[in-house]
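See structure below.
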Amino acid sequence: MLNIVVARRGEEVRWIDELPDHCTVTVYTDDASHGVPLDVTRHIELVRLPGQYSVGELYLAHLKRPARGVAEAFTVFCPGDPLAVCPDFFALLDVAVLWGDVQPLSQSVQAGEHAAQPRDWLAELPVAPVRFDLRSWAPLGTFDKAMYRVQQRYRQTHQLLDHSHPGVHFFEACQLDTLAQAVGTHDLGVRDSGLLFAVRQSLVTDWQAAHGPALPQVCAWLRQDPSHGRIWDQFWLHLFGLPFVRLAALAPPAPTAFDGEDEAPEDFSLSRALATIDDTLARLAPPPLANPGHRPSALHVARAIAAAQARHAPQPSAEARQERMDLSERAAQAFRVGDLQYAVACARLALKHETDHTASRFTLAMALAAQGNREEALEQFERLLQADAPVSDRIRVSDRTTAPARPQ
Numbered sequence: 309m310l311n312i313v314v315a316r317r318g319e320e321v322r323w324i325d326e327l328p329d330h331c332t333v334t335v336y337t338d339d340a341s342h343g344v345p346l347d348v349t350r351h352i353e354l355v356r357l358p359g360q361y362s363v364g365e366l367y368l369a370h371l372k373r374p375a376r377g378v379a380e381a382f383t384v385f386c387p388g389d390p391l392a393v394c395p396d397f398f399a400l401l402d403v404a405v406l407w408g409d410v411q412p413l414s415q416s417v418q419a420g421e422h423a424a425q426p427r428d429w430l431a432e433l434p435v436a437p438v439r440f441d442l443r444s445w446a447p448l449g450t451f452d453k454a455m456y457r458v459q460q461r462y463r464q465t466h467q468l469l470d471h472s473h474p475g476v477h478f479f480e481a482c483q484l485d486t487l488a489q490a491v492g493t494h495d496l497g498v499r500d501s502g503l504l505f506a507v508r509q510s511l512v513t514d515w516q517a518a519h520g521p522a523l524p525q526v527c528a529w530l531r532q533d534p535s536h537g538r539i540w541d542q543f544w545l546h547l548f549g550l551p552f553v554r555l556a557a558l559a560p561p562a563p564t565a566f567d568g569e570d571e572a573p574e575d576f577s578l579s580r581a582l583a584t585i586d587d588t589l590a591r592l593a594p595p596p597l598a599n600p601g602h603r604p605s606a607l608h609v610a611r612a613i614a615a616a617q618a619r620h621a622p623q624p625s626a627e628a629r630q631e632r633m634d635l636s637e638r639a640a641q642a643f644r645v646g647d648l649q650y651a652v653a654c655a656r657l658a659l660k661h662e663t664d665h666t667a668s669r670f671t672l673a674m675a676l677a678a679q680g681n682r683e684e685a686l687e688q689f690e691r692l693l694q695a696d697a698p699v700s701d702r703i704r705v706s707d708r709t710t711a712p713a714r715p716q
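For what it's worth, our numbering labels the leading residue of the sequence shown as 309, then goes sequentially.
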C-alpha cells in the first residue's frame, strides 16, 4: 500500500493515472495551479490551499491533517512532476519491498545542484541522495554557491557569531529541540535532491504525535524569510528519523615527557639539521656567498641550483620521473615525521634515478645531519652547492675548520 502525496504548483499531473492500483493519491495544490487543468481520471483527494506555497509547505499541510493509513504502508512525498527528478519513478514504486524506512528516490539533481554521480542503488535502479555538511549546508565534494549564500544570509539576518551553529539556531526557532540537539552533535546529513522520498507510515504517525503541536510555529518560521524554506528542505529525511552521521574524532597526541614545566620540548632532529646547514654554508660557499654580512638560506641556494639544473640536465623518461618523484616525496614525508632511516633510504633510491635531483639530495643531507652523520651530510651539501658547475670546472673547496678530512 502506497499513499502518494503530491505537491502540485501548476504542473501537469496526468502521470497520476499511470500509478498502480494499490496507490491512494492526495493532491495538495495552491494558486499557482489556477487555470491548469487537472486532467486526471482516477479517484484522488484534492486539497486546495489559498495563496502560493513551496513544495515543502505543501508537504507540511499534509502533516497537519490526522494520520491515516496502515502502519506498514509507505507515504511517498513527491513534487508535481516526479518524473523530472526520477525518470524511473514507476519502476522504483515496483521495488518498494527494498525501500528503507526513510527512502530518498530522486535520480537526478535539480538545477544549481552539483552532487556527484548516484552512489546508491535499489535493485538495478540508481538514486542520488546528497551528503552535506550540517554547519555550512554545502554538499560534500563541491561548492554550492546558492547554498553558501543562504547560509551567509541566515547568519547575517540573525546576527550569529562565527562559532554559532546555524542549524541548531534554526531548529530551536522551530521549537524542535530534539532535532536541534541532534544537528549540533553530528557532522553530516543526507537530503533528497528533488524532494521525492518515501517514509514508512508508522514513522509519519509517530512524528505527528510527537511534534504536531510545533507545526504552526514551523510554518510561521518558514514564512518569515524566503530562505527558511530551502533550509528546511535540507532536513526532510532526518525529520522522520534517518540518522545523521558523526565522524570519528582523532585520538589526542601522546604527551611528550621533557624537563621544565614552562618550556616546550625541542625538535632535536630539526635543530641538528639546521645547524649543519648553517655550518656547511659558512665553510663551503665561496665569495660573495660567504660574505659575513649576507649568508643565504639553504632554501635560496637549493632554488638557485635547481633552476640551473633545469636548464642543463637531460630529461629522464616519464616512468623514471614518476618513480623518482614518488621516492622523493616519500623521503621528504619520512623526514617530516622523524623516520630518518627510511628518509635516507628513499632519497638514495631517488638519486639513482636522477643523480642531480636537488630535492632528494637536500632531503638526504638533512636526514644524515639529523642522524649525526656529519661528514656524509657535509659531502651531500657540498655536492648541492657544486651541482650546477661542469665536472671539469668544479673547484675543490678546502675545509677551513679543524674537522677531520673527508675520505676521498
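Backbone N, C-alpha and C define an ideal beta-carbon position, used for all residues, glycine too.
Review point. Residue range of the alpha helix (DSSP H) that GLY449 falls in?
Key: Element bounds for GLY449: n/a, residue is neither H nor E.
Review point. Grouping DSSP H, G and I as helix and E and B as strand, with all else coil, what is LEU406?
Key: helix
Review point. Which class does ARG373 belong to by DSSP, given the choice of helix, strand or coil?
Key: coil
Review point. Out of curiosity, what's the CA-to-CA distance linking PRO358 and ASP339?
Key: Taking the straight line joining both Cα atoms gives about 6 Å.
**Study point:** Neighbourhood of ALA640 by C-beta distance below 8 Å, restricted to the same chain and skipping five residues each side
**Key:** ALA651, ALA667 and THR671
Exercise for review: Could you check if TRP529 is buried or exposed, using at least 16 other CB atoms within 10 Å of its CB as the buried criterion?
Suggested key: buried
Review point. If we ignore side chains and look at the alpha-carbon of each, how far apart do GLU687 and LEU659 end up?
Key: One Cα belongs to GLU687, the other to LEU659, and the distance between them is close to 15 Å.
Exercise for review: Leaving aside the five residues before and after GLN411 along the sequence, list all residues of the same chain whose C-beta is less than 7 Å from its C-beta, in chain order.
Suggested key: PHE505 and ALA506
Review point. Is ARG554 closer than 8 Å to ASP514 when the C-beta atoms are compared?
Key: no
Exercise for review: Starting from PHE398, follow its DSSP beta bridges and name the residues at the other end.
Suggested key: In DSSP, PHE398 forms no bridge with anything.
Exercise for review: For ILE352, name the three-state secondary structure that DSSP assigns.
Suggested key: Coil, per DSSP.
Review point. My guess is that SER444 and GLN459 are in contact by the Cβ rule of under 8 Å, so how many angstroms apart are they, rounded?
Key: 6 Å
Review point. Between the C-alpha atoms of MET309 and ALA379, what's the straight-line distance to the nearest angstrom?
Key: Roughly 10 Å separates the two Cα atoms.
Review point. To the nearest angstrom, how far is it from the Cα of VAL348 to the Cα of GLN464?
Key: Near 46 Å, if we compare the C-alpha coordinates of GLN464 and VAL348.
**Study point:** Distance between PRO474 and HIS466 (C-alpha atoms, nearest Å)
**Key:** Roughly 9 Å between the two C-alpha positions.
Exercise for review: State the CB to CB distance for the pair GLY497 and HIS546, rounded to an integer number of angstroms; the pair is presumed to be in contact (CB under 8 Å).
Suggested key: 6 Å
Check your understanding: Where does GLN360 fall in DSSP's three states?
Key -> It is coil, neither helix nor strand.
Point to revise | Of the listed residues LYS453, THR337, PRO551 and ALA678, nearest to ARG356 (C-alpha basis) | key: THR337
Point to revise | For GLU353 and THR334, the rounded distance between their alpha carbons | key: GLU353 has its alpha-carbon roughly 5 Å from the corresponding atom of THR334.
Review point. Which residues does DSSP pair with ASP500 in a beta bridge?
Key: PRO437
**Study point:** Range covered by the alpha helix (DSSP H) that runs through PHE670
**Key:** 666-679
Practice item. Can you say whether TRP544 is buried or exposed, counting buried as having 16 or more other CB atoms within 10 angstroms of its CB? Key: By the neighbour-count rule (16 or more Cβ atoms within 10 Å), TRP544 is buried.
Review point. In the DSSP assignment, what are the bridge partners of CYS386?
Key: Looking at the DSSP assignment, CYS386 forms a beta bridge with VAL314.
Review point. Using 8 Å as the threshold, is the stretch 380-398 in touch with the stretch 314-325, meaning 3 or more CB pairs across them?
Key: yes
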